[in-house]
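Contents: one structure, followed by commentary.
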Amino acid sequence: MSFNLATILREPRRAHPDKPLCHLDRLTFSYRQVDEISGRVAAGLLGLGLRRGDKVAVQLPNVPQFLFAYFAVLKAGLVMVPLNPLLRAGEVAYHLADSDTKVLITFELFAQEAAKGAAEVEGVTTYVVNLPGSDRRPDGTRHFDELYAAEDTGEIAPTDADDTAVLLYTSGTTGRPKGAELTHFQLYMNCTVGGELFGFRDDDIGLAVLPLFHVFGLSSVLNVAVRYGGTIVLVPRFEVGPVVDAIERHRCTIFSGVPTMYFALLQADLTGRDLSSLRVGVSGGAAIPGEVIRSFEERFPGVVILEGYGLSETASTTTFNISAEQRKVLSIGKPIWGVETRIVDDADRPLPPGPEHVGEIVVRGHNVMKGYYKNPEATAEAFRGGWFHTGDLAYADADGYLFIVDRKKDMIIRGGYNVYPREVEEVLYAHPAVVEAAVLGRPDAKLGEEVVAVLSVAPDAEVTPDDLVAYCRERLAAYKYPRQVRIVAELPKGPTGKLLKRELKKEMLETSAQQVQ
Numbered sequence: 001m002s003f004n005l006a007t008i009l010r011e012p013r014r015a016h017p018d019k020p021l022c023h024l025d026r027l028t029f030s031y032r033q034v035d036e037i038s039g040r041v042a043a044g045l046l047g048l049g050l051r052r053g054d055k056v057a058v059q060l061p062n063v064p065q066f067l068f069a070y071f072a073v074l075k076a077g078l079v080m081v082p083l084n085p086l087l088r089a090g091e092v093a094y095h096l097a098d099s100d101t102k103v104l105i106t107f108e109l110f111a112q113e114a115a116k117g118a119a120e121v122e123g124v125t126t127y128v129v130n131l132p133g134s135d136r137r138p139d140g141t142r143h144f145d146e147l148y149a150a151e152d153t154g155e156i157a158p159t160d161a162d163d164t165a166v167l168l169y170t171s172g173t174t175g176r177p178k179g180a181e182l183t184h185f186q187l188y189m190n191c192t193v194g195g196e197l198f199g200f201r202d203d204d205i206g207l208a209v210l211p212l213f214h215v216f217g218l219s220s221v222l223n224v225a226v227r228y229g230g231t232i233v234l235v236p237r238f239e240v241g242p243v244v245d246a247i248e249r250h251r252c253t254i255f256s257g258v259p260t261m262y263f264a265l266l267q268a269d270l271t272g273r274d275l276s277s278l279r280v281g282v283s284g285g286a287a288i289p290g291e292v293i294r295s296f297e298e299r300f301p302g303v304v305i306l307e308g309y310g311l312s313e314t315a316s317t318t319t320f321n322i323s324a325e326q327r328k329v330l331s332i333g334k335p336i337w338g339v340e341t342r343i344v345d346d347a348d349r350p351l352p353p354g355p356e357h358v359g360e361i362v363v364r365g366h367n368v369m370k371g372y373y374k375n376p377e378a379t380a381e382a383f384r385g386g387w388f389h390t391g392d393l394a395y396a397d398a399d400g401y402l403f404i405v406d407r408k409k410d411m412i413i414r415g416g417y418n419v420y421p422r423e424v425e426e427v428l429y430a431h432p433a434v435v436e437a438a439v440l441g442r443p444d445a446k447l448g449e450e451v452v453a454v455l456s457v458a459p460d461a462e463v464t465p466d467d468l469v470a471y472c473r474e475r476l477a478a479y480k481y482p483r484q485v486r487i488v489a490e491l492p493k494g495p496t497g498k499l500l501k502r503e504l505k506k507e508m509l510e511t512s513a514q515q516v517q
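Quick note on full-length UniProt numbering: the sequence shown kicks off at 1 and runs consecutively.
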């Protein structure tokens, strides 16, 4: 079956060519402009001698050129490899070599590091997107503007629905990153079903502050908006001031973010600011504490926060809460249309409903990747029994709603008892002084692991670590509460704003090793 994901751009362009597709500050591009510019870039890429299925790495922040490059790659029948602009040279080289990339499109601010990495890989041509008014780029690289010189043929390559459209690398929390092969059809289905879940309308204006190189931003923000003929407002990085400015200026109706973004907006002084245009907040990427949902909706009464769950390997959305009336706070919702989930034990046997039956979430359906690129062993392990194994622990209730407990690898085993960090974090977030919290397991000679909490508190908070230990002790079973609480200025975060527990764990283990010495 012939199908190309670029159809989601072409169809709304035909329906309303002059409608704004994206805004960046006061710069606007219509559907017609994005379609025509991406068509020229597609012709430029094909003029380099690239063939169907060749890889083009796109290492850009949330700027219009990301859209031009993305739809160009799709139209040309090529495969896009989204890369984090903050990767160092060695990481860039790894991704380019592993993906067999032929062309790298990067951004001026990161071009030196990117070009250094690309130089380590044979046969990669690097193009640089410059800042307005600038012409700087590393030696041996080319201007992205050169790709505009080709004439737009108006053609969209007749790819097969099962052809890989995007090769999306996982975060690499368990070894080196692996490339998840997502097809044209999978990405189309995910944005189509995803948009229906929260009733995306063609007059909606979505805030695109989640990085578009991440599956959440790419599939659930950009693809959804274009698929339904809406508009997005590009914000290159999350900062409360610019985000609020963008919402006010463009009257954004949908905010998609990770929990730390909601925390930050809750903590900010927004006196005199108008966020009344917002109607839906979509949360994903990590579990959002119930206390944050309640507080946010009280402060912004026109907004309902709907939590979902997904992974790079599932083209973003896997489960979702579809409305305020049907959601269950703390739940990641039910499987989306056309997708099945199960909770299984260590022998892959299905578990019955109930919080006492915690197991791994496994998935199958239209959204699940083809496999890991050039990695049949990892693919076979992930798909054992015909289901994709997520590595996430959860339970289902009698109504079929799923409740995430934690990452399988993050579970703490203290004295033979399972401690799920999220449960402890929920208690900590209910304390009025706590801003952010992460709960970890520290190696312990007697108990196997001990429960440790690392957190930040409000600037004017008068609370001590002992106070917080006592607070948890009153609310949790004896084996669950943290014996150690560390207060820090800020917790480390990744490009999406997700808390980086692995960084905290690494620091904790290094500190423990030094103390032993």
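Idealized CB from N, CA, C, for every residue including glycine.
Can you tell me where the alpha helix (DSSP H) holding residue i begins and where it ends?
i: F200; result: Element bounds for F200: n/a, residue is neither H nor E.
i: residue 554; result: Here the chain comprises residues numbered 1 to 517, so residue 554 is not present and cannot be evaluated.
i: Q33; result: Y31 to L46
i: E181; result: Per DSSP, E181 belongs to no alpha helix (DSSP H); it is in the beta strand (DSSP E), G179 to T183.
i: Q326; result: Where Q326 is concerned, there is no enclosing alpha helix (DSSP H), given that its DSSP letter is neither H nor E.
i: V121; result: No alpha helix (DSSP H) holds V121; DSSP gives it neither H nor E.
i: P20; result: Segment P20 to L24 is the beta strand (DSSP E) holding P20; no alpha helix (DSSP H) there.
i: K55; result: Segment K55 to Q59 is the beta strand (DSSP E) holding K55; no alpha helix (DSSP H) there.
i: I8; result: T7 to A15
i: I293; result: G290 to R299
Tell me whether residue i is buried or exposed, calling it buried when 16 or more other Cβ atoms sit within 10 Å of its Cβ.
i: L499; result: buried
i: R414; result: buried
i: P289; result: buried
i: M189; result: buried
i: T271; result: exposed
i: T173; result: Because T173 carries a pLDDT of 45, less than 50, the predicted location of this residue cannot be relied on, and no value is offered for it.
i: G117; result: buried
i: R227; result: buried
i: L5; result: buried
i: T159; result: buried
i: T260; result: buried
i: L509; result: exposed
i: K178; result: buried
i: S276; result: exposed
i: M80; result: buried
Where DSSP assigns a beta bridge to residue i, which residues make up the other side?
i: G257; result: S283
i: L402; result: G333 and A396
i: A437; result: L455
i: R384; result: R384 is not bridged to any residue.
i: E449; result: P443
i: F107; result: V129
i: P350; result: V344
i: M80; result: V56 and V166
i: D160; result: S2
i: Y372; result: A180
Among the options, which one has its Cα closest to the Cα of residue i?
i: V405; options: F3, V235 and P355; result: P355
i: G333; options: D399, G391 and D274; result: D399
i: A114; options: R136, S134, L131 and G90; result: G90
i: T164; options: G310, M369 and G494; result: M369
i: I8; options: D35, M1 and D25; result: D35
i: S320; options: L311, V329, L306 and T314; result: Position check: residue 320 holds Phe in this sequence, whereas Ser was assumed. Taking only the C-alpha atoms, the option nearest F320 is L306.
i: D83; options: E325, L96, H23 and D346; result: Residue 83 is actually Leu in this sequence, not Asp. Nearest of E325, L96, H23 and D346 to L83, Cα basis: L96.
i: L168; options: R237, L234 and Q186; result: Q186
i: K501; options: V452, T379 and V469; result: V452
i: V56; options: A43, Y70 and P350; result: Y70
i: E490; options: D460, Y471, Y148 and L455; result: L455
i: L151; options: L46, P20 and V457; result: Reading the sequence as shown, one finds Glu at residue 151 and not Leu. Closest by alpha carbon: L46.
i: R32; options: D25, V424, L265 and K19; result: K19
i: P421; options: A42, L78, A287 and V224; result: A287
i: V419; options: K480, A380 and V193; result: K480
i: L468; options: A437, T496 and G497; result: A437
i: L86; options: F107, F68, V103 and S99; result: F107
i: G39; options: V485, Y148, N62 and V280; result: Y148
i: L402; options: A42, T379, T318 and T141; result: T318
Assuming residue i is part of the beta strand (DSSP E), what are its boundary residues?
i: Y127; result: T125 to V129
i: E307; result: V304 to L311
i: S316; result: S316 to F320
i: I247; result: Not the beta strand (DSSP E): I247 falls in the alpha helix (DSSP H), residues V240 to H250.
i: E340; result: V339 to V344
i: V363; result: G359 to G365
At the 8 Å Cβ level, is residue i part of the contact set with chain D, yes or no?
i: R349; result: Here there is only one protein chain, and chain D is not present.
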